[in-house]
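K.L.:
In the numbering used here, the protein residues as written are -2 to 362.
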């Protein structure tokens, strides 16, 4: 699978641009604030229908414009893919192969994209929300039902929290939301647990390879609702936990139980590196997780994903750079950077180089 072409209109700092890409490597070079990340952000939209930088679509409309439009074309083993998106302050329309889709979930399982940026290097050491986002991004791509479950769960959670903030919330109404919360929350927990079990195995082997067998990485899913054997038992236990915490929730005016509170425990040689790991250990673990994400997509879908490396190579030392590049020979790469060393360029497969200056993209012929 690879992206063949991108057309952008009034997107961020791009007034109008058409770019044809190489199926192997695409270097996107330029100084800061010229539009490098904006270009790969548009590509990312073709996968999940939303940005990895903002939850507000309006922010991507060029200043002074009323709308943005993007068109991303891709080739898979057995079909061509065309994703079009038009966003204004009044509406958002998405087309897949010329057909207008009603739900973003219809976009999933078409273009598989993994983003690796300096922010992802913070997966290990920063707040649990970043680790939950890592899980959610991947699962939404390979499990469209997960996207539906997490979307519905967030809506129910918002309704329940809104009610908890009322001066005298009706317990009978809260109990209705409790049922809904348990329905979707239990599905999320079981799907996450299965995913982390697979990620743990793959990332552990990658980490061992990077460290020449000196370190053993383990990833564990930490949920405040214990795992059960099946969905019915999970749902019943979830509901029991939510209701037993009602008094606390009424006092704090928010929901204390559920997957929105979950985390990943990340250990190296038995030590929790979220708190006690060196920067090098944390970065190696983050790299192992991202590479495991790529491998799991291939394992689950039998499709190669597309990798967006957004100004991240400069954040890795030479050893980790080499391991990353040597691991990615079979997938399409988009690499943004202010500059790349000749050594790095020489190790990359054949491709194209683009220079971005103030919203203009020029190919190096």
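Backbone N, C-alpha and C fix where the C-beta goes; we use that ideal spot for every residue, glycine too.
(1) Considering only C-alpha positions, which residue in the set 254, 60 and 94 is nearest to residue 43?
(2) Can you name the start and end residues of the beta strand (DSSP E) that residue -2 belongs to?
(3) Which parts of the region 172 to 213 are runs of the beta strand (DSSP E), unbroken and 3 residues or longer, counting only runs that do not cross its ends?
(4) DSSP three-state call for residue 117: helix, strand or coil?
(5) Quick check: the Cα distance between residue 116 and residue 169, rounded to an integer number of angstroms?
(6) Taking just the CA atoms, how far does residue 356 sit from residue 29?
(7) Suppose the cutoff is 7 Å on Cβ atoms and the five residues either side in sequence are ignored; what does the same chain contact list for residue 215 look like?
(8) Rounded to a whole number of angstroms, what is the C-alpha to C-alpha distance between residue 221 and residue 251?
(9) Excluding five sequence neighbours on each side, which residues of the same chain lie with their C-beta closer than 6 Å to the C-beta of residue 162?
(10) Starting from the N-terminal side, write out each stretch of the alpha helix (DSSP H) that is 4 residues or longer and does not extend beyond the region 230 to 295.
(11) Give the DSSP-derived three-state secondary structure of residue 124 in the structure shown.
(12) Looking at the secondary structure, which residues open and close the alpha helix (DSSP H) in which residue 341 lies?
(13) Inspect the beta-carbon positions of residue 83 and residue 66 and report whether they are closer than 8 Å.
(14) Strictly under 8 Å for the Cβ-Cβ distance: is residue 4 near chain D by that measure?
(15) Per DSSP, residue 93 forms a beta bridge with which residues?
(16) Please state whether the Cβ-Cβ distance between residue 55 and residue 99 is less than 8 Å.
(17) Can you tell me where the beta strand (DSSP E) holding residue 47 begins and where it ends?
(18) Could you work out which residue in 159, 180 and 218 is closest to residue 132 when comparing CA atoms only?
(19) Can you tell me whether residue 282 is buried or exposed, with buried defined as 16 or more other CB within 10 angstroms of its CB?
(20) Buried or exposed for residue 187, going by 16 or more other Cβ atoms inside 10 Å?
(21) Suppose the cutoff is 6 Å on Cβ atoms and the five residues either side in sequence are ignored; what does the same chain contact list for residue 358 look like?
(22) Considering only residues of the region 300 to 342, which uninterrupted alpha helix (DSSP H) runs meet the minimum length of 4 residues and lie entirely inside it, listed in chain order?
(23) Could you check which residue in 23, 12, 11 and 8 has the C-alpha nearest to that of residue -1?
(24) Are the Cβ atoms of residue 129 and residue 180 separated by less than 8 Å?
(25) Could you pull the DSSP bridge partners for residue 365 from this structure?
(26) Quick one: Cα of residue 20 to Cα of residue 360, how far?
(27) What residue from 73, 79, 32 and 78 has the CA that sits closest to residue 57's CA?
P.N.:
From the atom records:
(1) 94
(2) Per DSSP, residue -2 belongs to no beta strand (DSSP E) and is neither H nor E.
(3) none
(4) helix
(5) 43 Å
(6) 12 Å
(7) 197, 201 and 264
(8) 15 Å
(9) 250
(10) 243 to 249 and 270 to 273
(11) coil
(12) 339 to 344
(13) yes
(14) Absent from the structure is chain D; it holds one protein chain and no more.
(15) 80 and 96
(16) no
(17) Note, residue 47: premise wrong, no beta strand (DSSP E); not H, not E.
(18) 218
(19) buried
(20) buried
(21) 14, 16 and 351
(22) 315 to 323
(23) 23
(24) no
(25) Not covered by the structure: residue 365. The range shown for the chain is -2 to 362.
(26) 15 Å
(27) 32
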